[in-house]
Structures are given as C-alpha cells and as structure tokens.
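398 is the number that UniProt numbering gives to position 398 of the sequence shown; each next residue is one higher, with no gaps.
C-beta atoms are modelled at their ideal positions from N, C-alpha and C, and glycine is treated no differently.
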Amino acid sequence: MLNPVFSIANMRALSPVIQPIADKLCMILNSQLHVDGSEMEIDVLPWVSRCALEYVCQGGLGHSFDALNPHSENEYIHAVRMLGQTTLRLLFLRPFIPFFVRNFSLYWRNKMVDWAPIQALKDLRRIVQVMDDASQKIFAAKKAALKGDLTDVVVMPDSPPIETHGQDIMTIMLNANISSSETDRLSDAELVGQINTLIFAGLETVTSAICRILWILACNPSAQVRLRSEIRNAKCASHSSSWEDVDLPYNNVLNRLPYLDAVVKETLRLHPPTSLLGRTVRQDTALPLHRPILSRSGEALDQIAIPKGTTLILSILNANLDKDVWGEDAREWRPERWLEAHNSEDDEYDFGDDESSEHQQGRMPGAKNEMRYPGVYANMMTFLGGGRACIGFKFAEMEIKQVVVALLSRLHFSLPGTPDERGQLKEIYWKISALQVPVVRPPSGDGVAPQVPLGVRRVRDDDFEIGAST
Numbered sequence: 001m002l003n004p005v006f007s008i009a010n011m012r013a014l015s016p017v018i019q020p021i022a023d024k025l026c027m028i029l030n031s032q033l034h035v036d037g038s039e040m041e042i043d044v045l046p047w048v049s050r051c052a053l054e055y056v057c058q059g060g061l062g063h064s065f066d067a068l069n070p071h072s073e074n075e076y077i078h079a080v081r082m083l084g085q086t087t088l089r090l091l092f093l094r095p096f097i098p099f100f101v102r103n104f105s106l107y108w109r110n111k112m113v114d115w116a117p118i119q120a121l122k123d124l125r126r127i128v129q130v131m132d133d134a135s136q137k138i139f140a141a142k143k144a145a146l147k148g149d150l151t152d153v154v155v156m157p158d159s160p161p162i163e164t165h166g167q168d169i170m171t172i173m174l175n176a177n178i179s180s181s182e183t184d185r186l187s188d189a190e191l192v193g194q195i196n197t198l199i200f201a202g203l204e205t206v207t208s209a210i211c212r213i214l215w216i217l218a219c220n221p222s223a224q225v226r227l228r229s230e231i232r233n234a235k236c237a238s239h240s241s242s243w244e245d246v247d248l249p250y251n252n253v254l255n256r257l258p259y260l261d262a263v264v265k266e267t268l269r270l271h272p273p274t275s276l277l278g279r280t281v282r283q284d285t286a287l288p289l290h291r292p293i294l295s296r297s298g299e300a301l302d303q304i305a306i307p308k309g310t311t312l313i314l315s316i317l318n319a320n321l322d323k324d325v326w327g328e329d330a331r332e333w334r335p336e337r338w339l340e341a342h343n344s345e346d347d348e349y350d351f352g353d354d355e356s357s358e359h360q361q362g363r364m365p366g367a368k369n370e371m372r373y374p375g376v377y378a379n380m381m382t383f384l385g386g387g388r389a390c391i392g393f394k395f396a397e398m399e400i401k402q403v404v405v406a407l408l409s410r411l412h413f414s415l416p417g418t419p420d421e422r423g424q425l426k427e428i429y430w431k432i433s434a435l436q437v438p439v440v441r442p443p444s445g446d447g448v449a450p451q452v453p454l455g456v457r458r459v460r461d462d463d464f465e466i467g468a469s470t
C-alpha cells in the first residue's frame, strides 16, 4: 500500500512545494559570506542537517518546524536532532529488544527504563515521546481536514503554518489508506509509525550524502565546474531571467541533468551513508552463494544453512565496491562510468520512469555478465533491495539533487585553506560506524565531533566551463 505513495507522479507534485527549502539554505549560507563574496570557512554540516530536517517535516508531515531558522529550537527539532546519536549509543542493546517486546508489557518496559542505570535509554524514550506526540497531533488535524473538507493548513505552537495542497506524504498516505481494501488498510498508529520511520531514516542519511557530495566536489574542482556548467545551461534553456533564480522542474532536476545524476549515483555507490545492516532470519533457510567456498573439511559449498533467529550483518559498502560487478576501478570515484554506460548503447541519456525495470538495470553500471546486485536503485545496495528496500529512495534522490542544484548555482566549495593556530590545515575524514560520520582529524579537530568545514564563496565567471551558457 505504501509503495505507490512514493510514485513519480506524487514526487513530481511534491517537488515545487519543497523546492523553497533548498533555496532558503542557499540564501542562509550566502548571507554568512563576506560582503565582497570572498571565501570564508563554514561548517556546512549543521545547516545541511537543518535543511534535511525541514525536507522530511514539510515533505513527510506537511508541516514546518522552521528548522532553518537559527533562532528556532523547539522541542521537536531538538528531539529529532538528538535521535541519531542517541540511538547509536544504544546499539549494544539491539539484540535484546525483541525479547523484551515479546515478553513484557509496555508498562513493565517503561519501568525497566526507569530502573536501568543508562541515561541514553531515558533520553531515547523522551525523544520518541516528543516525536510521536507531534506526529499524532499533525495526523489528527490532517485526518479531520480530509473528513471535513477543511483547508490543508496545520498549526502547532512555536511553528509557522504551511500549505502543502495535499501533496505531503502523510496526506497522500491517508488518501491511499482510505481507498484501500479493508485487508490492506493500515491503522492510524501504523501510519504515524511509517512517517516517524521516514523522518528517522531520511535525516542523518541524506545529510551525510549531501555533505559527502559537497566535500567530493571540493576535492575535485574540475567536476564541480562541469556540474555547475550543466546546471547553468539547463536553467538558461528553461528561462530567460537571471539563471541563478530559476527553479528547475522535477523532470529537469531528476531526469535531464546527466552529469548531476552521475555525480549523485557515483557518490551514493562509493560512499553509502549506511555501510552495514543487520537482518534476522525468520525461518530456516539456505543462503545460495555466487561463488562456492570451502568448508573446514574441504568440501565445496554452494549454499550455507542459516537457522531461524540468526542475525546476519550485510556489508552494503562491500557490495557497492565489488570488482566482479563494478570493474577494476570500483574503488575510484568516477562519475563518468554512468555516462559511458549509456554512450556505449548510442542512446540519449534518458532515465525513463522506472529505473528498477530489467531494461534500465541492465544498461547501467553494476550489471556484468548478467550478474548484478538486486538493489532497488541503480544496481547498487545503498537503498537495499527486495521487500525491505527503502521505499523513500525517490524522495531522497529528489532532495539531494534539489539541494545540490541550488547550492552550486550560487556558491563555490573548496577544502579548508586557512591553517589553524598550530599552522595545521583541517583534514576531513569519514568514520564508518552505523552511519558514515564526517570529523576533522587531530590535531586540527578532535576526531569525534561531526563537522564538515569547507571554504565557501560566491560563484564567479571563471567557475564555469569555457563555452557554457551565460
């Protein structure tokens, strides 16, 4: 029932509603620069995080919490921003959660949290309560609006109202749920749970992806120039006014900027925000192997018996870097591989409406000798595959591309070029844990606090390819 909610038609309708968020992020970063537009160092991570939060709130809930306002710090914003790091502190408890859910009522689980000498558990409970309370209030208001044919405006304390014209995911879910058969219909609690899951899954991961793209473009100035030139050409072709102020429609942003698409796909392949994933086997099964392995007795095995209840750790990163599938240069950031795949077919670069189709998947990189991973997105495992794949990957892709287009239209990014008080340049590296977290290496940084300091300045005429449209 939920997959159609993220259809291309719905994403196309939602695109202009959330485009102003990317524009506002660009305006905020621009306002922090020197009057002459010269380069200054800005930690882009907190701003990208606020932008991602506003995207999932407006796009998911149809409600703004004014996250891009630096003076706005209501309870919901604080709760969502603390959710990721609080969850990471409790990963060691994850194997025990199913046992407690099966064997203890909510009352006793709450008592155990009260008694446990673990502050992070109490923090997480409070975060969940705040998020659920807000989602329930917004959900109830939207449900009442649908039943009473009221205007689609939701007002909550400390938050500015926005009008989504029924294009937000919660409203689409409600409409889809109403029209579903009784057997397929979800309860109100399940719908609210799906929205909260979307917010949790789409905040830290998309923030990491956007920051990684900006960092990679800072490391590869020629790629940044090429991408910015493609963006300007597309904007100039679609409008006669100042090209920087043009908002490209959904089809242009997602389907008609081949180098942008190649940069996003290659970054998500090489640097998936989530590198590892756990899955628990629900029934005894045999795991088939593409290449046989030798057992301790020397027997060649083409499958492994997995007992029910076994937890498997899946390496998304390893799948995306498999040289047998992606080629010998699998560990290189080379966006051209996505362009070459289409050029070799003598086809115009056209994504079509269904990248998950066999035809589209077979034309992309990552399909070698009829072998490919079953990823729902471009043959890679970044958004997983099968029935448990990320259903919101089209929303995430749209958000990433909108933000990158908005920022590169007006701003240039480079690696930090100003030494600190010790004379050291800041070096950013990405720690791999449950999420890939950007930090600054010692001695310039503590190697712990997430940050992405980049040199930012306004775009100049020499930031484009020679011959690009003006």
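- Should Arg185 and Asn175 be called a contact, given that it needs their Cβ atoms to be closer than 8 Å? The residue given as residue 185 occupies position 185 in the sequence shown. The residue given as residue 175 occupies position 175 in the sequence shown. Result no, Cβ atoms of Arg185 and Asn175 do not sit closer than 8 Å.
- Message: Run through the DSSP bridge pairs and tell me what Tyr377 is partnered with.
- Response: As a first step, residue 377 is located in the sequence shown; it is residue number 377 there, counting from the start. For Tyr377, which the question treats as bridged, DSSP gives the partners Met380.
- Task: Closer than 8 Å by C-beta to Leu217: which residues in its own chain qualify, once you throw out the five before and the five after it? Chain order, please.
- Result: To locate residue 217, count along the sequence shown from 1; it is residue 217. The residues are Ala223, Gln224, Leu227, Val263, Leu408 and Phe413.
- Query: Hey, out of Val281, Thr280, Ala300 and Arg282, whose CA is closest to Leu289's CA?
  - Reply: Sequence index remark: in the sequence shown, residue 289 carries index 289 (1-based). When each option's Cα is compared against that of Leu289, the closest is Ala300.
- Using three-state DSSP, classify Val17 as helix, strand or coil. The sequence position of residue 17 within the sequence shown is 17, counting from 1. If DSSP states are grouped into helix, strand and coil, Val17 belongs with the helices.
- Message: Measuring only the C-alpha atoms, how far is Arg269 from Pro20?
- Response: Looking up residue 269 in the sequence shown gives position 269. Looking up residue 20 in the sequence shown gives position 20. Rounded to the nearest whole angstrom, the C-alpha separation of Arg269 and Pro20 is 28 Å.
- Beta-carbon proximity of Glu465 to Ser229, cut-off 8 Å: By 1-based counting over the sequence shown, the position of residue 465 is 465. By 1-based counting over the sequence shown, the position of residue 229 is 229. Glu465 is a Cβ neighbour of Ser229, given a cutoff of 8 Å.
- Query: Just how far apart, CA to CA, sit Pro117 and Lys111?
  - Reply: Against the sequence shown, residue 117 aligns to sequence position 117. Against the sequence shown, residue 111 aligns to sequence position 111. Rounded to whole angstroms, Pro117 to Lys111 spans 12 Å at the Cα level.
- Assigned secondary structure, His412 (DSSP; H/G/I helix, E/B strand, else coil): Counting from 1 along the sequence shown, the entry for residue 412 is found at position 412. Strand, per DSSP.
- Query: For Pro450, which residues of its own chain have a beta-carbon under 8 Å away from its beta-carbon, when the five flanking residues on both sides are left out?
  - Reply: Taking the sequence shown and counting its residues from 1, one reaches residue 450 at position 450. Within the same chain, Leu45, Val437, Pro438 and Val439 come within 8 Å of Pro450 by CB-CB distance, once the 5 residues on both sides are set aside.
- Query: Taking the alpha-carbon positions, what's the Gly386 to His71 distance?
  - Reply: By 1-based counting over the sequence shown, the position of residue 386 is 386. By 1-based counting over the sequence shown, the position of residue 71 is 71. Rounded to the nearest angstrom, the two C-alpha atoms are 42 Å apart.
- Message: For the ligand COA, is there any heavy atom lying closer than 7 Å to the beta carbon of Trp338?
- Response: As far as ligands go, the structure on display features none, and thus does not contain the ligand COA.
- Message: Less than 8 Å between the C-beta atoms of Met131 and Val5, yes or no?
- Response: Sequence index remark: in the sequence shown, residue 131 carries index 131 (1-based). Sequence index remark: in the sequence shown, residue 5 carries index 5 (1-based). No, they are not a contact pair.
- Query: Would you call Arg457 buried or exposed, if buried means 16 or more other Cβ atoms sit within 10 Å of its Cβ?
  - Reply: Numbered from 1 along the sequence shown, position 457 holds the residue referred to as residue 457. The residue is buried, with at least 16 neighbouring Cβ atoms inside 10 Å.
- Can we say the segment 318 to 326 touches the segment 371 to 382, given the rule of at least three CB pairs closer than 8 Å? yes
- Task: Use the C-beta contact count for Pro365: other C-beta atoms within 10 angstroms, 16 or more gives buried, fewer gives exposed.
- Result: Along the sequence shown, read from residue 1 onward, the residue named residue 365 stands at position 365. Label assigned to Pro365: buried.
- Per-residue DSSP class, three states only, for Trp333: Within the sequence shown, the letter at position 333 stands for residue 333. Here Trp333 sits in coil by DSSP.
- Task: For Val206, collect the residues of the same chain with a Cβ closer than 7 Å to its Cβ; drop the 5 residues on either side in sequence, then sort them by chain order.
- Result: What you label residue 206 is simply residue 206 of the sequence shown in a count that begins at 1. Within the same chain, and ignoring the five residues on either side of Val206 in sequence, the residues whose Cβ sits closer than 7 Å to its Cβ are Ala52, Ala396, Glu399 and Ile400.
- Item | Member of Arg126, Trp108, Leu435 and Ala201 whose CA lies at the smallest distance from the CA of His271 | Numbered from 1 along the sequence shown, position 271 holds the residue referred to as residue 271. The shortest C-alpha separation from His271 is found at Leu435.
- Message: Buried or exposed, going by whether 16 or more other CB atoms sit within 10 Å of the CB of Phe65?
- Response: As a first step, residue 65 must be located in the sequence shown, where it is residue number 65. The residue in question, Phe65, is buried, as its Cβ has 16 or more Cβ neighbours within 10 Å.
- Using DSSP bridges, identify the partner residues of Ala305. Counted from its first residue, the sequence shown places residue 305 at position 305. Answer is Ala286, bridged to Ala305.
- Could you tell me if Asn252 is buried or exposed, where buried requires 16 or more neighbouring beta carbons within 10 angstroms of its beta carbon? For this step, residue 252 is matched to residue 252 along the sequence shown. Buried.
- Query: How is Glu41 classed by DSSP in three states: helix, strand or coil?
  - Reply: As a first step, residue 41 is located in the sequence shown; it is residue number 41 there, counting from the start. Strand.
- Task: Indicate whether Tyr250 and Ser15 have their beta-carbon atoms separated by less than 8 Å.
- Result: What you label residue 250 is simply residue 250 of the sequence shown in a count that begins at 1. What you label residue 15 is simply residue 15 of the sequence shown in a count that begins at 1. For Tyr250 and Ser15, yes; Cβs fall inside 8 Å.
- According to DSSP, is Leu277 helix, strand or coil? If you number the sequence shown from 1, residue 277 lands on position 277. Leu277: strand per DSSP, three-state reduction.
- Anyone know if the C-beta pair for Trp215 and Glu266 falls short of 8 Å? One-based indexing of the sequence shown puts residue 215 at position 215. One-based indexing of the sequence shown puts residue 266 at position 266. Against a cut-off of 8 Å, the Cβ pair of Glu266 and Trp215 comes out as no contact.
- Query: What do you get for Lys394, buried or exposed, if any count of 16 or more other CB atoms within 10 angstroms of its CB means buried?
  - Reply: In the sequence shown, residue 394 corresponds to position 394, counting from 1. Around the C-beta of Lys394, 16 or more other C-beta atoms lie within 10 Å, and the residue is accordingly described as buried.
- Bridge partner(s) assigned by DSSP for Met27: Sequence index remark: in the sequence shown, residue 27 carries index 27 (1-based). Looking at the DSSP assignment, Met27 forms no beta bridge with any residue, so it has no partner.
- Task: Answer yes or no: do Val404 and Leu260 have a C-beta to C-beta separation smaller than 8 Å?
- Result: Taking the sequence shown and counting its residues from 1, the one referred to as residue 404 is at position 404. Taking the sequence shown and counting its residues from 1, the one referred to as residue 260 is at position 260. Yes, the pair counts as a contact, with Cβ atoms nearer than the cut-off.
- Task: Compare the C-alpha of Ser38 against each of Leu93, Leu411 and Arg372 and name the closest.
- Result: As a position in the sequence shown, residue 38 is number 38, starting the count at 1. Of Leu93, Leu411 and Arg372, the residue nearest in Cα terms is Leu411.
- Message: Checking 8 Å against the spacing of the C-beta atoms, do Leu321 and Ile306 come in under that value?
- Response: As a working mapping, residue 321 is identified with position 321 in the sequence shown. As a working mapping, residue 306 is identified with position 306 in the sequence shown. No, the Cβ-Cβ distance between Leu321 and Ile306 is not below 8 Å.
- Based on the DSSP secondary-structure assignment, which residues constitute the bridge partners of Ser315? For the purposes of this step, residue 315 is identified with residue 315 of the sequence shown, where counting begins at 1. BP columns for Ser315 point to Leu276.
- Query: Within 8 Å (strictly less), CB to CB, does Val253 reach chain C?
  - Reply: Among the chains in the structure shown there is no chain C, since it carries only a single protein chain.
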